[in-house]
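The sequence shown begins at 1 in the working numbering and counts up one residue at a time.
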Amino acid sequence: MLRIGLRAARGFRADDPAEEGVVLGRRALLKRACTCAAMAFLPRAAAAQAGGAAAPVRPVHGDLDAAAREVEAAMIAWRRDIHANPELGNREHRTAALVAKHLRGLGYEVREGVGRTGVVAVLTGGGGPGPVVALRADMDALPVREEVDLPFASKARAAWGGQEVGVMHACGHDCHVAILMAAAQVLSARRDRLPGAIKLLFQPAEEGTVGEGVCGARLMVDEGAMRDPKPDMVFGLHVSSALPVGSVGYRPGNAMAGADRFQIKVTGRQTHGAMPWNGVDPIVIGSTIVTTLQTVVSRETDVARSPAVLSVGIFKGGLRNNIIPETAELEGTLRTFSEAQRATAKRRVTEIAQLIASGMNGKAEVTWDENGYPPLQNDAKLTAACAPTLTRLFGEHARLVDPAMASEDFPYFAREAPGFFYFVGITAPGTDPAKAAPNHSPRFRVDEAGLMTGLRATLHLVADATGMA
1 MLRIGLRAAR GFRADDPAEE GVVLGRRALL KRACTCAAMA FLPRAAAAQA
51 GGAAAPVRPV HGDLDAAARE VEAAMIAWRR DIHANPELGN REHRTAALVA
101 KHLRGLGYEV REGVGRTGVV AVLTGGGGPG PVVALRADMD ALPVREEVDL
151 PFASKARAAW GGQEVGVMHA CGHDCHVAIL MAAAQVLSAR RDRLPGAIKL
201 LFQPAEEGTV GEGVCGARLM VDEGAMRDPK PDMVFGLHVS SALPVGSVGY
251 RPGNAMAGAD RFQIKVTGRQ THGAMPWNGV DPIVIGSTIV TTLQTVVSRE
301 TDVARSPAVL SVGIFKGGLR NNIIPETAEL EGTLRTFSEA QRATAKRRVT
351 EIAQLIASGM NGKAEVTWDE NGYPPLQNDA KLTAACAPTL TRLFGEHARL
401 VDPAMASEDF PYFAREAPGF FYFVGITAPG TDPAKAAPNH SPRFRVDEAG
451 LMTGLRATLH LVADATGMA
């Protein structure tokens, strides 16, 4: 488990005296593990209200809320501009340039091209010693054709997996970028009062790429995004259609599953369908593998302690009904909530496929995607420190949520420093979140009032983590 550093632990000021303040009340995509917080998979409803005592109100909180109101129009304009000009993973050139120019104008030290198109920026505060707080926003869009009638709806198209596809911010990363740009502006204006430092991580390729190798958060970490300075903590948020606007959801520990995509190539021996004994049928071998793989979860996993999901979504083989083919291909996804469970399940998938195939006179080659995502574990101490802040902000609308089988690559950052990842509601009042178009849908729609929720949460978490006055 990650430990919260001493400076980070001391950074939260929940013990400050309470003071007067202002509180405002197509297939190629599916080839990879369906990453991002695809919020159709997020909890169907909040498991419980967060409860517990709210953090004390200090004058800085009212000041930050007033500044958030002042920057809200610009934040929404940034979001709409990015939404109308979406870019796929590792192609976020326009978005990254917009971000870098904005941050340089605010006085941040900016490094571009991290993890191909990522931007890392640092603001050193003038308020004395304090923690280094990292804030992350992902920038990429999805190969989805937008079906929402908006004046700034995307009309962009691009190549993806050998096909020309529509491109849309169908998961809300446009919101994440705009929220963090706004937070950067508010914090830079209060630099002299900020203890420690702020590190901003504008990340490409959270949704992955096709055939481009290691990418996203993992590549940014490999290229030093979490060094010089090393953060004491890292925060991330994700807008979610599964929550109503004005609410936030979070949980300590297991928050989102790890996701690993696997491919199995089964090789047999081609023969005529009328004489199967003259060959080795990869279709039958593949079918046996699919059926037996289900026992990895149903018979080998203690699902009472840690749930898991194993699904085969692609099964291809043959061209004619009366020809047994030489090969068959399977692809699937494995979802787990711990590294030990993940390693065991991956080993068993490989063993079962290979042993079944060899036992049926064939061969199975199992390949695991190198861009698999680890389980997302919110640091327990950091979450406990953040919960009173969210309760102060949103009261009963700060909710504990169930673990989600969806996945995120934020854990690569959270391996380097204690991490806290939470969800921001963007479903409009009067709409049942359970019936709202989910993240990744071509009809995904954002109530832009949710951007203010995300901005205020970001600013207050920073203020309370650093002791900003």
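Positions of the beta carbon are idealized from the N, C-alpha and C atoms, including for glycine.
- When the Cα atoms are used, S247 and T295 turn out to be separated by approximately 39 Å.
- Between G317 and G286, the gap from beta carbon to beta carbon is short of 8 Å.
- The C-alpha of D140 lies about 14 Å from the C-alpha of A159.
- By alpha-carbon distance to A217, the top candidate from A255, N90 and I179 is N90.
- Between G208 and N371 the beta-carbon gap is near 6 Å, inside 8 Å, which marks them as a contact.
- In the DSSP assignment, W78 falls within the unbroken alpha helix (DSSP H) covering P59 to A84.
- Per the DSSP secondary-structure output, I314 pairs in a beta bridge with E331.
- Runs of the beta strand (DSSP E) lying entirely within the segment 360 to 426 and spanning at least 3 residues, in chain order: 363 to 368, 376 to 378 and 398 to 400.
- Taken atom to atom, the span from the alpha-carbon of T292 to that of P325 is near 22 Å.
- When the five nearest sequence neighbours on each side are left out, the beta carbons in the same chain lying within less than 7 Å of the beta carbon of T271 are those of N278, G279 and I324, in order along the chain.
- Taking all protein chains shown into account, Q163 has fewer than 16 neighbouring C-beta atoms within 10 Å of its C-beta and is therefore exposed.
- Take the alpha-carbon of W78 and the one of F410: they are about 23 Å apart.
- Taking the CA atoms as reference points, K346 sits about 10 Å from R335.
- Taking the Cα positions, D149 is about 26 Å away from H93.
- By the criterion of at least three beta-carbon pairs nearer than 8 Å, the segment 235 to 243 is in contact with the segment 406 to 425.
- For V248, the three-state secondary structure derived from DSSP is strand.
- Pairing E416 with P375 gives a Cβ-Cβ distance that is not under 8 Å.
- With distances taken between CA atoms, V349 lies nearest to I264 out of A406, N378 and I264.
- Shown here, T431 sits in coil according to DSSP, grouped into three states, outside any helix or strand.
- At a Cβ-Cβ threshold of 8 Å, A178 and L106 do not count as neighbours.
- In the three-state scheme derived from DSSP, where H, G and I count as helix and E and B as strand, K230 is classed as coil.
- The continuous alpha helix (DSSP H) containing L187 extends over residues H173 to S188.
- A residue is called buried once 16 or more other Cβ atoms fall within 10 Å of its Cβ, and N361, having fewer, is exposed.
- Rounded to the nearest angstrom, the gap between the Cα atoms of A406 and D260 is 11 Å.
- Residue burial annotation: T301 is buried, with at least 16 other C-beta atoms found within 10 angstroms of its C-beta.
- Assigned with DSSP and collapsed to three states, A158 falls in strand.
- One thing to note: L103 has its Cβ within 8 Å of the Cβ of V110.
- Of the residues assessed, S311 falls on the exposed side of the cut-off, its CB having fewer than 16 other CB atoms within 10 angstroms.
- Taking all protein chains shown into account, P433 has 16 or more neighbouring C-beta atoms within 10 Å of its C-beta and is therefore buried.
- CA-CA distance, R456 to I356, rounds to 54 Å.
- In the structure shown, M220 adopts helical secondary structure according to DSSP, grouped into three states.
- Beta-bridge partners of S240 (DSSP): G425.
- Take the alpha-carbon of F413 and the one of D232: they are about 11 Å apart.
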